[in-house]
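This report concerns only the one structure given below.
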Amino acid sequence: MNPDQSLCNPAEAATIEISADGIATVQFAAGGPLNIISSSTALSLAAQLRALAGNDAVRVVVFKGAGTKTFVGGADIRELAALAPQSARRFIAALSEMCEAARDLPVPSICALQGWCIGVGLEFAASCDLRIAADDARFVMPEVKIGIPSVIQGAFLSRLIGEGQARWLMLTGEAIDAQKAQAWGLVSDVVPRAQLEAAAQALATSLAALSASGMRAQKRVLRTGEAPHLDGSIRHSIEIFGTAYESADPANLMGEFLSRKGR
Numbered sequence: 013m014n015p016d017q018s019l020c021n022p023a024e025a026a027t028i029e030i031s032a033d034g035i036a037t038v039q040f041a042a043g044g045p046l047n048i049i050s051s052s053t054a055l056s057l058a059a060q061l062r063a064l065a066g067n068d069a070v071r072v073v074v075f076k077g078a079g080t081k082t083f084v085g086g087a088d089i090r091e092l093a094a095l096a097p098q099s100a101r102r103f104i105a106a107l108s109e110m111c112e113a114a115r116d117l118p119v120p121s122i123c124a125l126q127g128w129c130i131g132v133g134l135e136f137a138a139s140c141d142l143r144i145a146a147d148d149a150r151f152v153m154p155e156v157k158i159g160i161p162s163v164i165q166g167a168f169l170s171r172l173i174g175e176g177q178a179r180w181l182m183l184t185g186e187a188i189d190a191q192k193a194q195a196w197g198l199v200s201d202v203v204p205r206a207q208l209e210a211a212a213q214a215l216a217t218s219l220a221a222l223s224a225s226g227m228r229a230q231k232r233v234l235r236t237g238e239a240p241h242l243d244g245s246i247r248h249s250i251e252i253f254g255t256a257y258e259s260a261d262p263a264n265l266m267g268e269f270l271s272r273k274g275r
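Every letter in the sequence shown is one number past the one before it in the working numbering, and letter 96, counting from 1, is 108.
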């Protein structure tokens, strides 16, 4: 891509490049090689996306992870391990704000998913319109294994892949590969890893060539047509997330995880 505009600040959560034809490419730039999401990263990215939403030159947004290992490697477990009920609610509300900023984009959003897509990474991807996966992509909602529930925009998984499959992901904490994700309807296409960026850009280019006003109107229709209970489910899940920290399980299980990883 030869960017027409480049919005890059080392303190921000993502680099954003906007091409001459209105394709904004957002690459996660915080959280190290695994693209880990902390509460501050989430709020920073939310602010960047709100600003991007106000740019009338943007016609499509493409999200991708930095590096080769993950799209998003989940939430910052060190921060998670130190939470108490009230701070847990603030933490998860920040992550929800990030996902909502993606959901509220007035133009189509595409996720180019490579490597691992973990927890909040999958919730973020579910908040976007379209998803393309590399053949090495893996998807997992592992929260139950560390004593907390999968919440916020995880509520979108049922409408994307069906109630049974969503329950399987959230209750087992086990991963699925790209081929199963496509069979379940989580992603529309699976391509070789080397072709992922080109595939996402080709889709973005085709969408950017359509009527900008028509596309924005279509996005408003789709947003308005979403089941009204989803917003309530997201808000209620923030409260439930906080109550999980009334137990010692999250701190104990996350502490064990960090010890095993030598962190």
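We put the beta carbon where it would ideally sit given N, CA and C, even for glycine.
DSSP state of residue i mapped onto helix, strand, coil
i, result
"E209", "helix"
"D261", "helix"
"I104", "helix"
"I48", "coil"
"V152", "strand"
"A42", "coil"
"A87", "strand"
"P97", "helix"
"L219", "helix"
"G66", "coil"
"G274", "coil"
"E24", "coil"
"M13", "Residue placement at M13 cannot be trusted, given a pLDDT of 33 that sits under 50; the coordinates are not used to answer."
"L55", "helix"
"D116", "coil"
"A171", "Reading off the sequence shown, one finds Arg at residue 171, where the question assumed Ala. In this structure, R171 counts as helix in the three-state DSSP scheme."
"A214", "helix"
Enclosing beta strand (DSSP E) for residue i [first to last residue]
i, result
"A145", "L142 to A146"
"F136", "First-last for F136: V132 to S139, but that is the alpha helix (DSSP H), not the beta strand (DSSP E)."
In DSSP terms, what residue i is bridged to
i, result
"A124", "K76 and I144"
"D201", "I144"
"C129", "V84 and F151"
Buried versus exposed, by CB contacts within 10 Å (16 or more), residue i
i, result
"D243", "exposed"
"V233", "exposed"
"K273", "exposed"
"E155", "buried"
"L46", "buried"
"A58", "buried"
"S31", "buried"
"D88", "buried"
"A25", "buried"
"S108", "buried"
"E135", "buried"
"A69", "exposed"
"C20", "Residue confidence is low: C20 scores 42 on pLDDT, short of 50, so the model does not pin down where it sits. No coordinate-derived value is stated."
"T80", "exposed"
"A229", "exposed"
"M13", "For M13, the predicted structure reports a pLDDT of 33, less than 50, and the residue's modelled location is therefore unreliable. A value from the coordinates is still provided. By the neighbour-count rule (16 or more Cβ atoms within 10 Å), M13 is not buried but exposed."
"R331", "Here the chain covers residues 13 to 275 and nothing more, so residue 331 does not appear."
"S223", "exposed"
"I252", "exposed"
"A239", "exposed"
Span of the alpha helix (DSSP H), counted from its first residue to its last, around residue i
i, result
"V84", "Segment T82 to V84 is the beta strand (DSSP E) holding V84; no alpha helix (DSSP H) there."
"D243", "H241 to A256"
"V233", "A224 to T236"
"Q165", "Run containing Q165: none; DSSP gives neither H nor E here."
"K157", "From DSSP, K157 is part of no alpha helix (DSSP H); its letter is neither H nor E."
"A193", "A190 to W196"
"E175", "E175 to T184"
Distance between beta carbons of residue j and residue i, contact taken as under 8 Å
i, j, result
"L270", "R90", "7 Å"
"A114", "I144", "Contact flag wrong, Cβ pair sits at about 16 Å."
"A190", "A149", "4 Å"
"S249", "A167", "7 Å"
"T255", "P97", "7 Å"
"T53", "G127", "18 Å between Cβ atoms; not a contact."
"F75", "S121", "7 Å"
"I36", "L64", "Before going on, a small fix: residue 36 reads as Ala here, not Ile. Going by Cβ atoms, the distance from A36 to L64 rounds to 6 Å, so yes, they are a contact pair."
beta-carbon residue i near the ligand NAP non-hydrogen atom, thresh 7 Å
i, result
"H241", "The ligand NAP is not part of this structure, which contains no ligands at all."
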